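*Asks:* Numbering of the sequence shown is given in full-length UniProt numbering, commencing with residue 1 and proceeding in unit increments. Backbone N, C-alpha and C define an ideal beta-carbon position, used for all residues, glycine too. Predicted, not measured: the structure shown is a model, and the values here were computed from it. Attaching a single structure in C-alpha cells format; questions to follow.
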Amino acid sequence: MSRDTGPDTGLVVLVDDDDAVRSALEMLLASCGWRVRAFASPDDALAAALPAGREGCLVVDYQMPGMNGLQLLDRLRAAGCHQPAILITGKVDGRPRLDRCAAARGLSTLLDKPLDADALVAAIAALLADGR
C-alpha cells in the first residue's frame with residue numbers, strides 16, 4: 001500500500017502512553033501526509049483544545065495508566081469531540097468483552113499490537129474519507 005495519501009488530508013489525534021510506539025506511529029502517520037497531534041496520556045489529550053465535531057480521527061491505545069482508551073473516548077465524546085476512532089491494544093485477555101464494549105461505543109476498528117502499518121493506514125484513510 002502506498003503511504004502517500006496526499007498533502008494535508010486530515011487530522012489524526014494519537015494517544016498512546018508508550019513513547020516508542022507513539023513516536024513510531026507519529027512518524028508513520030506524518031509520512032502519509034496527515035497532520036498528527038500526539039499525546040502521551042489521556043489527561044494530556046483531555047487538556048488539549050481538540051476540535052469539537054467530527055474533524056479528523058482518533059487513534060487511542062486501550063491500556064494506559066489512570067484511564068483506559070474507552071474511558072478516554074467517553075470523556076472526549078462528552079466534551080463534544082465526535083471524531084471516528086480506532087482503538088489499538090496489546091490486550092488479549094477478555095478480548096470478546098473488549099470487542100463488545102468498543103462496538104457499543106461505535107468503534108468499528110480495533111487493531112492488535114504489534115500493529116500492521118498497512119492495516120492502520122488503511123483504517124485511518126477509510127475513516128477520513130468517510131468524514132468528508
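CA-CA distance, GLY90 and LYS113?
*Replies:* Taking the sequence shown and counting its residues from 1, the one referred to as residue 90 is at position 90. Taking the sequence shown and counting its residues from 1, the one referred to as residue 113 is at position 113. The alpha-carbon of GLY90 is positioned some 5 Å away from that of LYS113.
*Asks:* Return the chain-ordered list of same chain residues with a C-beta closer than 8 Å to the C-beta of GLY66, the five sequence neighbours on each side being excluded.
*Replies:* What you label residue 66 is simply residue 66 of the sequence shown in a count that begins at 1. These residues qualify, in order along the chain: SER41, PRO42 and ASP43.
*Asks:* Rounded to whole angstroms, what's the CA-CA distance from LEU111 to ILE124? Just pull it up for me.
*Replies:* Indexing the sequence shown from 1 puts residue 111 at position 111. Indexing the sequence shown from 1 puts residue 124 at position 124. So the two alpha carbons sit approximately 11 Å from each other.
*Asks:* Taking ASP17 as the reference, which of GLU55, ARG95, TYR62 and GLY33 has the closest Cα?
*Replies:* Numbered from its first residue, the sequence shown carries residue 17 at position 17. Minimum Cα distance to ASP17 is reached at TYR62.
*Asks:* Using three-state DSSP, classify ASP19 as helix, strand or coil.
*Replies:* Working through the sequence shown from its first residue, we reach residue 19 at position 19. Correct three-state label for ASP19: helix.
*Asks:* Which residues in the same chain have their Cβ closer than 6 Å to the Cβ of THR109, if we skip the five residues on either side of it in sequence?
*Replies:* Numbered from its first residue, the sequence shown carries residue 109 at position 109. Closer than 6 Å at the Cβ level, and outside the excluded window around THR109, lie ILE86 and ALA123.
*Asks:* For VAL36, which beta-bridge partners are listed by DSSP?
*Replies:* Your numbering for residue 36 matches position 36 in the sequence shown. BP columns for VAL36 point to VAL12.
*Asks:* Does the Cβ of PRO84 have 16 or more other Cβ atoms within 10 Å, making it buried, or fewer, making it exposed?
*Replies:* Locating residue 84 in the sequence shown gives position 84, counting from the first residue. PRO84 should be labelled buried.
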